[in-house]
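See below for the structure under consideration.
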Amino acid sequence: MANCLVLLYIGLFSNFGLSIVVFTVLIRLATMNLTLKQVKSTRAMSTLQPKMKELQAKYKGDRQKLSSETFKLYKEHGVNPIGCLGPLVIQFPIWIGLYWALIRVLPSSPENLVDLSKLLYGWLPVVHSAVPVDSTFLWLDLAVPDTLPIMPLLVGASMWVQQKMMTYPSQDPKQAQTQQMMLWMMPLLFVFLTFSFPSGLALYWLTSNLMGVGIQYVTTVEEAIELALKQLDVRREEAEIEVLSHGKAGIFGFGSEPARVRATLLEEGGLVQSAKAIVDQLLRAMGVSAISTISKPPADSPDTQLIEITGDDSGLLIGRRGETLRPEGRVMLDVEQYRQRRTQVLKGLALRVADRVAGSGRSFTLEPMSPAERRAIHVALTDHPRVMTQSEGEGDDRKLREFVHQEATVTTEFQDGAVHPMVAAAMTVLGVDYEIVPCDPNFADTTEFCQKYGYPMDTSANTIIVASTRGAKATAPASCSRRSVST
Numbered sequence: 000m001a002n003c004l005v006l007l008y009i010g011l012f013s014n015f016g017l018s019i020v021v022f023t024v025l026i027r028l029a030t031m032n033l034t035l036k037q038v039k040s041t042r043a044m045s046t047l048q049p050k051m052k053e054l055q056a057k058y059k060g061d062r063q064k065l066s067s068e069t070f071k072l073y074k075e076h077g078v079n080p081i082g083c084l085g086p087l088v089i090q091f092p093i094w095i096g097l098y099w100a101l102i103r104v105l106p107s108s109p110e111n112l113v114d115l116s117k118l119l120y121g122w123l124p125v126v127h128s129a130v131p132v133d134s135t136f137l138w139l140d141l142a143v144p145d146t147l148p149i150m151p152l153l154v155g156a157s158m159w160v161q162q163k164m165m166t167y168p169s170q171d172p173k174q175a176q177t178q179q180m181m182l183w184m185m186p187l188l189f190v191f192l193t194f195s196f197p198s199g200l201a202l203y204w205l206t207s208n209l210m211g212v213g214i215q216y217v218t219t220v221e222e223a224i225e226l227a228l229k230q231l232d233v234r235r236e237e238a239e240i241e242v243l244s245h246g247k248a249g250i251f252g253f254g255s256e257p258a259r260v261r262a263t264l265l266e267e268g269g270l271v272q273s274a275k276a277i278v279d280q281l282l283r284a285m286g287v288s289a290i291s292t293i294s295k296p297p298a299d300s301p302d303t304q305l306i307e308i309t310g311d312d313s314g315l316l317i318g319r320r321g322e323t324l325r326p327e328g329r330v331m332l333d334v335e336q337y338r339q340r341r342t343q344v345l346k347g348l349a350l351r352v353a354d355r356v357a358g359s360g361r362s363f364t365l366e367p368m369s370p371a372e373r374r375a376i377h378v379a380l381t382d383h384p385r386v387m388t389q390s391e392g393e394g395d396d397r398k399l400r401e402f403v404h405q406e407a408t409v410t411t412e413f414q415d416g417a418v419h420p421m422v423a424a425a426m427t428v429l430g431v432d433y434e435i436v437p438c439d440p441n442f443a444d445t446t447e448f449c450q451k452y453g454y455p456m457d458t459s460a461n462t463i464i465v466a467s468t469r470g471a472k473a474t475a476p477a478s479c480s481r482r483s484v485s486t
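Residues 0 to 486, numbered by numbering that gives the first Met the number 0, are exactly what the sequence shown covers, in order.
What follows is the structure in structure tokens.
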């Protein structure tokens, strides 16, 4: 951290105060995601206050049930009650690191510069050339606490405003009392710390607080939009958003007003027409000679809208194995019926691999595929007598494996076509489905079937039974027999 501050000092006209300000901005940007989650969690908690009060009244005498229902309520609305602590936990080690960096970079005596030289990067001579560092900034000496009460008051006031903007009215008297206590306790604590720590650390706190206030302004409208979409249970592209009021934070948190938006659900026709217009604009911008038309959605995705793209240059839009056509929402794109052709290719692949697996008895794992492609192979092999499919892995590495039924398959013969009562009883007890296959010498596919699924030829058989412990009946020609049990 000391090297980072010295590098910023060199790049910012040898102004260590500006170095701390820029360093604070960089830290705030790096933790922006956590800060936004904190804001969302705090505001979501405020919207749940009425429901929380209902639960407290309903389960007043049952603390365990109240805790369980409260957790369900938080989970249902995606609220993390400790999410607001994330930025604070991250800031603690940064404060400690910055404090020690200030002590070393801005030493109180020349002798301490020797310790600083040990910390600076030896392979970066420009860092060593900046020593000693000028510690003055405005009226402050950044190496020592502010002798005037100006910086402590600024830190306390900015933190109070930030706390006030993040505090929402609570219907729970105990929680409201806790909020009021924290509203004053934290600013007063930091006022005391500012009197005791170097002004450089106080400058970091002041800059961080001011950025926090600014984030509250920026996120007001976005939070209102997100809340409206959540109430409608739709995506952003499925609704028309109109900002009625950007809201205001008021003066020191007083007189604040939330942002107000109007979200109107788009009709299905309006949604797909809007998507088609965007596709047409993109095609023109890319210089692709193609047209788009609204088509009937595929049978396996009736809730989606399909836009078909055709033209001489449309093949450029498909991408590697249709990656650019993967559906991300309720509107699907297709180019020259690529989806249908790809499904046929996958079906042929599935059957070829199934023949290989059935013949060798060994499983085979295909390369990673999209959910739609894996579904096509699952469907192609649904009725296969010996091969099953299973998806494995996570995310983009999710693959599909084909393997032989892990089942006990029993084939026996009877001259009169009848099943012995003991055999039937045993199969019933074991939960085995069985099928009697009568002898048929004229069965055209006898030879092919037996060779394909490993049944030896036996023309003396009159009747066979094919049974499966998984309840999947396998049908074999009468001239096939298998006098073994495989598991």
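The C-beta atom is built at its ideal place from N, Cα and C for all residues, glycine as well.
Just so it is clear, the structure is predicted and the values come from calculations on it, not from any experiment.
Using a Cβ distance threshold of 7 angstroms, SER291 and ASP279 count as a contacting pair. The Cβ-Cβ distance between ALA284 and ILE308 does not fall below 7 angstroms. Of the candidates LEU209, ARG361, ARG355, TYR337, TYR337 places its Cα closest to the Cα of ALA371.
Cβ-Cβ distances below 6 angstroms link HIS377 to THR388 in the same chain, with the five nearest sequence neighbours on each side left out; the list follows chain order. Selection GLU393, LYS346, LEU281 evaluated against LEU380 yields LYS346 as nearest (Cα-Cα). Distance between THR69 and GLY60, taken at the CA atoms: about 14 angstroms. The alpha-carbon of ALA227 is positioned some 21 angstroms away from that of ASN32. Between LEU137 and LEU200 the beta-carbon gap is near 15 angstroms, outside 8 angstroms, which marks them as no contact.
A straight-line Cα-Cα distance of about 21 angstroms links ARG374 and ILE306. For GLN63, the enclosing alpha helix (DSSP H) covers residues 62-75. Taken in chain order, the whole beta strand (DSSP E) runs of length 3 or more contained in the stretch 326-361 are 330-334. Residue THR193 holds the alpha-carbon nearest to the alpha-carbon of ALA156 among THR193, ARG27, ARG361. At a Cβ-Cβ threshold of 7 angstroms, LEU7 and VAL21 count as neighbours. Going by DSSP, THR23 is part of the alpha helix (DSSP H) stretching over 15-29.
Going by beta carbons, ARG341 and THR364 fall outside the 7 angstroms limit. Residue burial is scored here from C-beta neighbours: LYS74 has fewer than 16 other C-beta atoms within 10 angstroms and is therefore classed as exposed. Residue pairing by DSSP places GLN389 opposite ARG400 in a beta bridge. Its chain contains ILE19, THR23, LEU97 as the residues whose beta carbon lies nearer than 7 angstroms to that of TYR203, once the 5 sequence neighbours on both sides are disregarded; these appear in chain order. The beta carbon of VAL212 sits closer than 8 angstroms to the beta carbons of SER157, VAL160, GLN161, MET164, ALA248 from its chain, once the five residues preceding and following it are set aside; these are given in chain order. In the DSSP assignment, VAL378 falls within the unbroken alpha helix (DSSP H) covering 370-379. For ASP140, the secondary structure class from DSSP, reduced to helix, strand or coil, is strand. When DSSP states are grouped into helix, strand and coil, PHE12 belongs to the coil group. For PRO49, the enclosing alpha helix (DSSP H) covers residues 48-57. For SER294, the uninterrupted beta strand (DSSP E) run begins and ends at 290-294, by DSSP. For GLU239, the pairing in a beta bridge is given by DSSP as THR263. If the five residues before and after THR263 are omitted, its C-beta is found closer than 7 angstroms to the C-beta atoms of ALA238, GLU239, all from its own chain and listed in chain order. Taking LEU72 as reference, the option from PRO49, ALA349, ILE149, ARG385 with the minimal CA-CA separation is PRO49. For the pair SER66 and LEU205, the Cα-to-Cα distance works out to about 38 angstroms. The C-alpha of PHE196 lies about 20 angstroms from the C-alpha of ILE26.
Between VAL190 and ALA223, the C-beta gap is not smaller than 7 angstroms, which leaves the two residues out of contact. The straight-line gap separating the alpha-carbon atoms of PRO367 and ASP333 is approximately 21 angstroms. According to the DSSP secondary-structure assignment, LEU305 is paired through a beta bridge with SER294, MET331.
PHE91 carries a helical assignment under DSSP once its states are collapsed to helix, strand and coil. By the neighbour-count criterion, in which a residue is buried when 16 or more other Cβ atoms sit within 10 angstroms of its Cβ, ARG385 is buried.
For ALA274, same chain residues with a beta-carbon under 6 angstroms away, outside a window of 5 residues either side, are VAL330 in chain order. The three-state secondary structure of PHE196, taken from DSSP, is coil.
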